[in-house]
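Enquirer:
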Amino acid sequence: MEPTVIAAPHSAPATACVRVLAPAKLNFTLRVLHRRPDGYHELESWVVLIDLCDSLKLSAAAAGSGTRLTCSDPALPSDRRNLAVAAAEAMAAAAGRAPDVDVQLDKRIPVSAGLGGGSSDAAAVLRGLNELWGLHWPAERLAALGAGLGSDVPLFLAGPQSIIRGRGERVSAVASPWTGFVVLVCPPFGVSTADAYRAWAPVDRPTTPLGGTAGALPAAGLRPRLYNDLEPGVFRAAPRLAELHQRLDGLRDVPVRMSGSGSTLFALFDDGASAGAWAEAARSAAGEAVCVLVCETWSDRHLRLEGVVQLGDF
Ligand code: C5P
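In our numbering, the protein residues as written are 9 to 322.
Dropping the structure here:
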């Protein structure tokens with residue numbers, strides 16, 4: 009079925025400006041199967057979108073101006089090394105039009121943190137330009153374009169929770185997802201995705217069912233079933249992160265996992281009060297200047313924001 013985009017009226021001619029939210033993701037599970045001949049790693053991961061979001065405003069710009077990115081974080085590149093710009097240029101090329109668009113990016117998601125911020129920004133640009141330019145392309149077409157920009161881009165064009173396979177670009181929705189609260193512990197340093205995969209070595213673990221069935225469990229039942237095959241290699245390469253993980257893992261009997269290629273660590277909770285209490289304890293136990301955030305998994309509630317180009321019909 010072709011997903012509908014809930015947004016400013018479709019019947020209107022190309023809008024002058026659209027606002028798009030770009031949520032972060034967590035990898036609740038991440039199994040790395042093997043290194044492929046093309047250098048990528050074959051994986052299987054249950055990914056969950058959360059309500060920590062970057063926000064983008066896309067506006068039509070004068071002919072010949074190209075894509076101009078203004079970002080709240082001056083440390084990020086504003087040329088095509090930024091996936092938001094690369095996405096606008098790729099979309100324009102695919103649509104056979106000039107990439108004349110101003111992109112204002114309000115950055116909230118920490119970078120190189122395993123939260124998919126750059127990929128989500130790219131997906132948001134694709135969704136936003138689809139609307140701004142009145143293209144009405146289905147999500148599948150956007151996802152194919154997104155896969156060329158980065159392995160994690162298509163998952164942000166699917167639903168709130170998915171199983172991703174291949175190098176990450178093969179996405180299937182999870183039927184009965186777990187929803188609740190997540191506490192993120194973001195250290196003041198990032199991890200490069202390429203370095204994390206380079207540090208990977210095969211992990212011997214029994215097959216654990218993913219996603220769908222796990223959704224029926226409370227957080228206490230789900231926590232021990234989460235895993236991330238990139239952890240051992242990243243912890244070897246980044247001892248400071250390993251030490252932080254050691255301080256937090258098992259705090260108040262709560263297991264802590266790393267998201268994606270790191271550096272964010274996270275834990276799950278069924279209610280906001282226990283998440284808040286654990287966040288306080290984690291801040292004290294961290295022993296360094298971490299950023300601790302209490303977030304919620306992405307749900308229908310987030311789909312009812314007015315005037316925002318939405319994730320899609322899921
Ligand atoms: O696809 P993307 O550009 O986001 O990937 C960044 C890097 O992460 C790749 O160049 C590769 O080194 C590594 N990677 C990998 N296996 C994956 C995804 C990423 O080895 N499935």
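No residue lacks a Cβ here, since even glycine has one placed at the ideal position from N, Cα and C.
Under 8 Å, do residue 238 and residue 40 count as touching if we go by C-beta distance?
Expert: For the purposes of this step, residue 238 is taken as residue 230 along the sequence shown, with counting starting at 1. For the purposes of this step, residue 40 is taken as residue 32 along the sequence shown, with counting starting at 1. It is a contact, given that the beta carbons lie within the stated cut-off.
Enquirer: Using a 10 Å radius around the Cβ and a threshold of 16 neighbouring Cβ atoms, would you call residue 10 buried or exposed?
Expert: Sequence index remark: in the sequence shown, residue 10 carries index 2 (1-based). Note that residue 10 scores 35 on pLDDT, short of 50, meaning its location in the model is unreliable; the coordinates nonetheless yield the value given after this. Residue 10 comes out exposed.
Enquirer: Enumerate in chain order the residues of its own chain whose CB-to-CB distance from residue 250 is below 7 Å, with the five nearest sequence positions on each side excluded.
Expert: The residue you call residue 250 lines up with position 242 of the sequence shown. Result list for residue 250: 243, in chain order.
Enquirer: Can you tell me whether DSSP reads residue 286 as helix, strand or coil?
Expert: One-based indexing of the sequence shown puts residue 286 at position 278. The answer is helix: DSSP assigns residue 286 an H, G or I state.
Enquirer: Could you say which of 50, 93, 104 lies nearest to residue 159 if we only look at CA atoms?
Expert: Along the sequence shown, read from residue 1 onward, the residue named residue 159 stands at position 151. Taking only the C-alpha atoms, the option nearest residue 159 is 50.
Enquirer: Enumerate in chain order the residues of its own chain whose CB-to-CB distance from residue 304 is below 6 Å, with the five nearest sequence positions on each side excluded.
Expert: As a first step, residue 304 is located in the sequence shown; it is residue number 296 there, counting from the start. Counting only Cβ-Cβ distances below 6 Å, and skipping sequence neighbours, we find 59, 189.
Enquirer: DSSP three-state label for residue 42, please.
Expert: Residue mapping note: residue 42 aligns to position 34 of the sequence shown, counting from 1. Strand at residue 42.
Enquirer: Taking only the alpha-carbon atoms, compute the straight-line gap between residue 288 and residue 241 and give it to the nearest angstrom.
Expert: If you number the sequence shown from 1, residue 288 lands on position 280. If you number the sequence shown from 1, residue 241 lands on position 233. The straight-line gap from Cα to Cα measures roughly 29 Å.
Enquirer: For the ligand C5P, is there a heavy atom less than 7 Å away from the beta-carbon of residue 245?
Expert: In the sequence shown, residue 245 corresponds to position 237, counting from 1. No, since every heavy atom of the ligand C5P falls outside the 7 Å radius drawn around the Cβ of residue 245.
Enquirer: Helix, strand or coil: which one does DSSP assign to residue 127?
Expert: As a first step, residue 127 is located in the sequence shown; it is residue number 119 there, counting from the start. Looking at residue 127 - three-state DSSP - the assignment turns out to be helix.
Enquirer: How would you call residue 147, buried or exposed, if buried means at least 16 neighbouring beta carbons within 10 angstroms?
Expert: Here residue 147 refers to the residue found at position 139 when the sequence shown is read from its first residue. Burial call: buried.
Enquirer: Using only the alpha-carbon positions, how far apart do residue 30 and residue 42 sit?
Expert: On the sequence shown, residue 30 is found 22 positions in, with the first residue counted as 1. On the sequence shown, residue 42 is found 34 positions in, with the first residue counted as 1. Those two C-alpha atoms are separated by around 30 Å.
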